[in-house]
Amino acid sequence: MEQNPTYEKTLSFAIRIVNVYKYLTGEKKEFIISKQLLRCGTSVGANISEVLSAESSSDFIHKLAIS
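Just so we're aligned: 27 in my numbering is position 27 of the sequence shown, and the numbers increase by one with no gaps anywhere.
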């Protein structure tokens, strides 16, 4: 898959979110919100991946609106 700047930025963002989550759990400062942060922070990249595999322009627009 050809990389684009948006995909690369969302991947970098997801990696940073995972590192923050690891820090919070390692420092025993984990709260329920840290788990939510992990879920929503990594879902952005997953949604962008879905956008890049859209089958039509209307599918592309729909998936982009979700992400």
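C-beta atoms are modelled at their ideal positions from N, C-alpha and C, and glycine is treated no differently.
In this structure, Val51 sits near Lys63, with a CB-CB distance shorter than 9 Å.
A buried status is given to Ile17, since no fewer than 16 other beta-carbon atoms sit within 10 Å of its beta-carbon.
The distance from the Cβ of Tyr21 to that of Leu11 is about 16 Å, inconsistent with a contact at the 8 Å cut-off. Assignment of Asn4 by DSSP, reduced to helix, strand and coil, places it in the coil class.
Annotated three-state conformation of Ala54 is coil, per DSSP.
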